[in-house]
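Colleague: Under my numbering, think of the first position of the sequence shown as 1250, with each following residue one higher.
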Amino acid sequence: MIRKIQPPIAKMIPKTLEKFGVARIDNYFWLNQRENPEVLDYLKKENAYYKKMTAHTKDFQNELFEEMKGRIKEDDESVPYFYNGYYYITRFETGKNYPIYSRKRESLTAKEEVLFDCNKLARGKSYFQLGGLSVSPDNKLALFSIDYVGRRIYDIQVKNLETGKILSDKIEKVSGNAVWANDNKTIFYSSQDEITLRSDKIFKHKLGTSQADDKLVYFEKDETFNVEIAKSKSRKYLAIESGSTLTTEFRILEADNPDGKFRVFQKRVRGLEFSIKHYGDSFYIMTNKDKATNFKLMKTLETATSKENWTEVIPHREDVLLEDIEIFKDFLVVEERSNGLNKIRIMPWSGEGEYYLPFESETYTAYTSTNVDFNTDVLRYSYQSMTTPSSVIDFNMNTKVKNVIKEHEVLGGKFDKNNYTEERLWAKAKDGTQIPISMVYRNGIKRDGSNPMLLYAYGSYGHSIDATFSSTRLTLLDRGFIFAIAHIRGGEDLGRQWYEDGKLMKKKNTFTDFIDCSKFVIEQQYTSPKHLYAEGGSAGGLLMGVIINKAPELYNGIIAQVPFVDVISTMLDESIPLTTGEYDEWGNPNVKKYYNYMVSYSPYDNVKKQNYPNMYISTGLHDSQVQYWEPAKWVAKLRNLKTNNSVLFLDTNMDAGHGGASGRFEAIKELAKEFSFLLDLEKIEK
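1. Determine, using beta-carbon pairs with one atom in the stretch 1706-1718 and one in the stretch 1736-1754, whether at least three such pairs fall under 8 Å.
2. Please go through the same chain and pick out, in chain order, the residues whose beta-carbon is closer than 6 Å to the beta-carbon of THR1306, but skip the five residues on each side of it.
3. Kindly indicate which three-state DSSP category PRO1685 falls into: helix, strand or coil?
4. Could you check what DSSP says for THR1497 in three-state terms: helix, strand or coil?
5. Using DSSP with H/G/I as helix, E/B as strand and the rest coil, what is MET1261?
6. Who are the near neighbours of GLU1931 in its chain, counting only those whose CB is closer than 6 Å to its CB and skipping five residues on each side?
7. Alpha carbon to alpha carbon, how far is PRO1801 from PRO1862?
8. Nearest to PHE1769 by alpha carbon, out of PHE1532, PHE1813, TYR1865 and SER1687?
9. By a C-beta neighbour count over all protein chains shown, 10 Å radius and 16 as the cutoff for buried, is LEU1357 buried or exposed?
10. In angstroms with no decimal places, state the Cα-to-Cα distance between GLN1549 and TYR1605.
11. List, from N- to C-terminal side, the beta strand (DSSP E) runs of 3 residues or more that fit wholly inside the stretch 1384-1408.
12. Across the stretch 1721-1728 and the stretch 1309-1323, are there enough close Cβ pairs to call them in contact, namely three or more that are closer than 8 Å?
13. Assuming SER1383 contacts ALA1427 under a Cβ cut-off of 8 Å, what Cβ separation, rounded to an integer in Å, is found between them?
14. Once DSSP output is grouped into helix, strand and coil, what is the label at ILE1251?
15. Could you tell me if THR1445 is buried or exposed, where buried requires 16 or more neighbouring beta carbons within 10 angstroms of its beta carbon?
16. Checking the sheet assignment: what are the DSSP bridge partners for HIS1527?
17. Since ILE1525 and PHE1511 should fall inside the 8 Å C-beta cutoff, what is the C-beta to C-beta distance between them, to a whole number of angstroms?
18. Report the three-state DSSP secondary structure of GLN1441 (helix, strand or coil).
19. Measuring only between beta-carbons, confirm whether ASN1652 sits less than 8 Å from chain D.
20. Residues in the same chain with beta-carbon distance under 7 Å from GLN1255, minus the five sequence neighbours each way, listed in chain order, please.
21. Curious, which full-length beta strand (DSSP E) runs of at least 3 residues does the stretch 1848-1912 contain?
22. Quick check on DSSP: helix, strand or coil for GLU1601?
23. Quick one: give me the first and last residue of the beta strand (DSSP E) that GLN1515 is part of.
24. To the nearest whole angstrom, what separates the beta carbons of GLY1751 and THR1473, a pair I think is in contact under 8 Å?
25. Starting from VAL1641, trace the alpha helix (DSSP H) in both directions and tell me its first and last residue.
26. Counting C-beta neighbours from all protein chains within 10 Å, is the total for LEU1364 16 or more, i.e. buried, or is it exposed?
27. Is it buried or exposed, ASP1715, if we count other Cβ atoms within 10 angstroms and call 16 or more buried?
28. Could you check where the alpha helix (DSSP H) with ASN1475 kicks off and where it finishes?
29. Give the DSSP-derived three-state secondary structure of GLU1934 in the structure shown.
30. So the beta strand (DSSP E) LYS1651 belongs to, where does it begin and stop?
31. Where does ILE1251 land, buried or exposed, given buried means 16+ other C-beta within 10 angstroms?
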């Protein structure tokens, strides 16, 4: 790597931040000013520095991009699903970045109706996202929402599917979450607080009226809760969900009665979480009621929905996490997770002959797919592993006949799953807990410490990272890299307790688990500190920030995407999106014990004079979830304090938000940057 170019140095303007009598000095607080020309100039200088420093890899980046793009079937389409008289299809055309949504009436041989061509809608825009797509019950109208910035602020509009015209109704600056009532003219939608972007209100809109005339249906006063609205699979009910990290509340209304009043399903009780699904005359409730940490399934009549009426269908199990259910006329399908792996359980309502779908791989991912019809014996599910491309499978629950409808194609003619090995290993954490690691590599590697390895993790919000297939990942595997996922605490990979043991005052388990997994793969000689790389995004970027402060000697490089690294300042600023809703995840820093604990690990607050690994850090100027200034301030402080010549790049997408660039090919260009960073450090040039 070229290291003679001088990096930009952000000026230091000390700002004293005091809490509980303790002062923190933030020299880069001024970078919080999004509209300040000096801030934008600094970000542009960092981008220019990154481009100059990596100019020698530009051609290689393009080659990597073309290689990864070359594995993608460009003229691809989804497996059609049948709903309310139509087959719905999402397809891509060669050379185009965005999907085309279409449908065919009654038969797949019928004429195609294009609902939305996102390539046309995105024309001339640097960012585009279509959301909230919903067809009216009479099939004549479609709701849709568009975000052109990347801050997840949408405008909702309505298209007449018979004429192709866009109606005059326009609902601006909302969340994009919207549903139809059954009268085909009433729309319910959620809107956000303008500053915090917390989804806090549900409105009712009548077609042909203005947004100013919309009626407020529900306002969520509690700043730790968000609201959204949905329609039951049975199409009978509309449901407003108010949710926080620890507590749920629903309000329901018959979809045939849009001018009626929503009623509380079960009033909120702190710590009571549940979700509801309607079928027949009953609701099925997945809940943690009565200390069911891994959740259980209960049932109640639709006429008596409060919790004292709930009866047990599937009891709580200490070693099995209940993740979801799917209801059919003759079957209940249950998604479970045990020993870190997905299980799909088929339970006939008759009570006889229940069974599990057989999955043979050592590490895999399986989950139910689009199942919109009650009156079928066919379950649609998806299956993949780290060596097996994803498949969409229709499974007849009566005959047990499996029909693979679609298998993900890897183009280029070089991929053969038998050329790769996947493993599941267990690393011992410092408290004795066994942490699973999913790993994939090309056959023939030697465990002599010389292999480059990319170790990925997330570890927050109870979000499990499953062992999935990636055609783009082959670019690393075919050049000798091992790719691994550390299933650290903070996710739900091994059940709900796995999450509980990686949040609030146990958050540090997330970080030490990852460090212990890193030590394990080094001890087992899969790799060595000279060749080990770590990657994480958002809350996984927080993980990256902590591990390089605590154990920088273990890694040659890290990739941190949109990293949440300025924990204290962000969690003390209630105007920032997501903050108040996060107190049950990280703790409320207005409470001293949480403040002290968070300060002790916050990456930005713990940067110090020491050697740091090579770093590629990416962000988006319009990110609504992790504000751009967190990585910008972090990089500025790292530049000032790091004591070695490792490279440090800040790459800011000036047109995008938390999800990065929009469009399937733009996202691959971002991946090519990350891969070229790793391969350059490994001196792999082709």
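Ideal Cβ placement from N, Cα and C applies to all residues, glycine included.
Modeller: The relevant details are as follows:
1. yes
2. SER1925 and ASP1929
3. strand
4. strand
5. coil
6. PRO1701
7. 6 Å
8. SER1687
9. exposed
10. In the sequence as displayed, the identity of residue 1549 is Thr instead of Gln. Cα to Cα, the separation comes out at about 26 Å.
11. 1390-1396
12. yes
13. 6 Å
14. Residue placement at ILE1251 is poorly supported in this model, since its pLDDT is 45, which falls under 50; the coordinates still yield a value, given next. Coil, per DSSP.
15. buried
16. PHE1532
17. So it is not a contact: roughly 13 Å between Cβ atoms.
18. strand
19. This model lacks chain D altogether; it includes just one protein chain.
20. none
21. 1863-1869 and 1897-1902
22. coil
23. 1512-1515
24. Actually they are not in contact, since the Cβ atoms of GLY1751 and THR1473 sit about 20 Å apart, beyond 8 Å.
25. Unbroken run through VAL1641 is the beta strand (DSSP E), 1640-1645; no alpha helix (DSSP H).
26. buried
27. buried
28. Per DSSP, ASN1475 belongs to no alpha helix (DSSP H); it is in the beta strand (DSSP E), 1475-1480.
29. coil
30. 1651-1656
31. Confidence at ILE1251 is low in this model, with a pLDDT of 45, below 50, so the placement of that residue should be treated as unreliable; the coordinate-derived value is given next. Exposed.
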